[in-house]
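For this note's numbering, count along the sequence shown from 1 and bump the result up by 44.
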Amino acid sequence: MEVPFNRGVDAGHRHCREPGGGGAVVVDRSERPIGMFDSGVGGLTVARAHIDLLPHEHLIYFGDTAHCPYGPRPLEEVRKFALEITDALVEEDVKMLVVACNSAASAALDEMRERYVVPIVSVIEPAVKSAIAISRNRRIGLIGTEATVNSGAYEHAVGDTKANVLLIAQACPRFVEFVERGDTSSDELLEVAREYLEPMKESEVDTLILGCTHYPLLRGVLRYVMGDDVVLVSSAEETANQVYAELRDADLLNRSPQTGTHRFIASSEQGISGELGARFLGPEFKAVEYRPWDKP
């Protein structure tokens with residue numbers, strides 16, 4: 045199955061490692077767009093942080109609304125979707141890829157980094173590093189989708205830091221459905237949040253990673269349940285900081301004084317609307333391009 049993007053460049057400019065270990069064509073990419081994708085609209089919270097921090101950068105955002113949500117799907121299926129979307133974004137000649145989906149990063153990040161030479165930033169490592177730096181009692185909570193929690197990707201990221209911390213993970217599968225229907229404050233949501241977060245309170249975590257890009261819209265209820273002493277770490281802002289650092293180090297920041305262009309693509313009209321997009325992103329969310337991708 046192929047993600048039907050319009051190809052922005054000739055295939056010869058694709059930044060993909062060939063099976064024989066060949067290199068990639070070297071081009072000046074500072075004015076090329078950043079590619080970003082998520083299973084749906086949740087990644088727009090990451091896009092919002094990028095637009096605020098890097099207003100001159102061009103952005104191509106792909107939301108796989110035809111297959112949303114990724115959370116309940118098998119990791120191998122999520123991996124397949126993630127690699128196909130990445131193939132399409134790379135062929136748009138993006139200078140960097142941002143995996144704005146915790147489930148996709150959990151399923152495919154290592155393989156993506158082996159497969160492509162274009163820099164790839166995920167939402168996982170920046171959030172982990174920030175949480176470790178913030179935590180005082182070394183007890184860190186993680187909430188996310190079933191796919192993210194079951195993958196062990198956050199535990200792996202914590203292990204890579206060599207930090208002596210305890211990570212307590214909890215899947216919160218219903219949170220996405222609340223956000224998607226615009227419910228961020230109901231009594232039903234509060235009851236569900238209390239049930240999900242009870243293990244975090246019992247473990248006395250002092251830092252909570254919001255391991256799904258939908259969850260920043262639930263900050264109010266999460267803070268109410270956890271209390272003011274628990275720091276909520278959003279992957280959106282931390283990922284934007286990491287993108288800035290990597291672009292600067294690679295001399296790939298767009299130096300143009302013009303505001304960057306933002307292109308939004310969805311694989312299905314289902315699950316995305318101007319109202320929903322604006323709730324996640326703000327006024328920058330306008331026209332959406334639909335690139336049909338048959339749902340299995």
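From the three backbone atoms N, C-alpha and C, an ideal C-beta is built for every residue, glycine too.
Because the structure is a prediction, the values reported are computed rather than measured.
Q. Count the other CB atoms within 10 Å of the CB of Val-71; is the residue buried (16 or more) or exposed (fewer)?
A. Here Val-71 scores only 47 on pLDDT, less than 50, and its place in the model should not be relied on; the value that follows carries that caveat. Counting Cβ neighbours within 10 Å, Val-71 comes out exposed, since fewer than 16 surround it.
Q | Sub-8 Å separation of Val-274 and Thr-251 beta-carbons | A | yes
Q. Which runs of the beta strand (DSSP E) spanning at least 3 residues fall entirely within the segment 213–269, listed in chain order?
A. Runs found: 251–255.
Q | Counterpart residues of Asp-82 in DSSP-defined beta bridges | A | Bridge partners of Asp-82: Gly-107.
Q: Using the Cα positions of Leu-297 and Asp-137, report the straight-line distance between them to the nearest angstrom.
A: When rounded, the distance between both Cα atoms is 15 Å.
Q. When you compare only the Cα positions, how much space is there between Ser-147 and Thr-189?
A. 7 Å
Q | Inter-residue spacing [alpha-carbon to alpha-carbon] between Phe-222 and Arg-323 | A | 13 Å
Q.
Give me the residue from Gly-326, Ser-311, His-306, Ala-294 with the minimum Cα distance to Met-140.
A. Ala-294
Q.
Does Gln-286 pass the burial test, meaning 16 or more other C-beta atoms within 10 Å, or should it be called exposed?
A. buried
(Q) To the nearest angstrom, how far is the alpha carbon of Leu-15 from that of Met-156? (A) Since the first residue of the chain shown is 45 and the last is 340, residue 15 is not available in this structure.
**Q.** Residues sharing a beta bridge with Phe-308, DSSP
**A.** Tyr-105, Val-332
Q: Find the nearest neighbour of Pro-115 within the set Asn-194, Val-90, Ile-164, Tyr-160, judged by alpha-carbon distance.
A: Residue 115 is actually Gly in this sequence, not Pro. Out of Asn-194, Val-90, Ile-164, Tyr-160, Asn-194 has the C-alpha closest to the C-alpha of Gly-115.
(Q) Let's see if you can read the secondary structure: which residues bound the alpha helix (DSSP H) around Val-143? (A) Where Val-143 is concerned, there is no enclosing alpha helix (DSSP H), although the beta strand (DSSP E) it sits in stretches over 140–143.
**Q.** Counted within 10 angstroms of its Cβ, other Cβ atoms place Gly-326 as buried (16 or more) or exposed
**A.** With fewer than 16 other CB atoms across the displayed protein chains lying within 10 angstroms of its CB, Gly-326 is exposed.
Q: Would you mind working out which of Leu-153, Phe-329, Thr-305, Ile-309 sits nearest His-100, comparing C-alpha positions?
A: Answer by Cα proximity: Thr-305.
Q. With distances taken between CB atoms, is the gap from Leu-88 to Gly-321 smaller than 8 Å?
A. yes
Q.
With three or more beta-carbon pairs closer than 8 Å as the criterion, would you say the segment 168–177 touches the segment 199–219?
A. yes
(Q) With three or more C-beta pairs closer than 8 Å as the rule, is the segment 171–186 touching the segment 114–133? (A) No: fewer than three Cβ pairs fall under 8 Å.
Q: Please look up how many angstroms separate the CB atoms of Val-269 and Arg-238, rounded, as I've assumed it's under 8 Å.
A: 6 Å
Q.
For the alpha helix (DSSP H) containing Val-287, name the first residue and the last one.
A. 279–293
(Q) Among Val-332, Ala-331, Ala-280, Asp-82, whose alpha-carbon lies nearest the alpha-carbon of Ile-95? (A) Ala-280
Q: Express the C-alpha separation of Val-90 and Glu-199 in angstroms, rounding to a whole number.
A: 22 Å
**Q.** Within 8 Å, strictly: CB atoms of Val-158 and Ser-300
**A.** It should be noted that the sequence gives Glu, not Val, for residue 158. No, Cβ-Cβ distance for Glu-158 and Ser-300 is not below 8 Å.
Q) Which value, in whole angstroms, describes the spacing of the CA atoms of Gly-86 and Phe-308? A) Taking the straight line from one Cα to the other gives about 13 Å.
(Q) Does Val-134 come out as helix, strand or coil in the three-state DSSP assignment? (A) helix
Q: Flag this pair as yes or no: are the beta carbons of Glu-248 and Arg-180 separated by less than 8 Å?
A: no
Q: Would you kindly work out how many angstroms separate the C-alpha atoms of Gly-107 and Ala-310, rounded to a whole number?
A: 5 Å
Q. How would you call Arg-263, buried or exposed, if buried means at least 16 neighbouring beta carbons within 10 angstroms?
A. exposed
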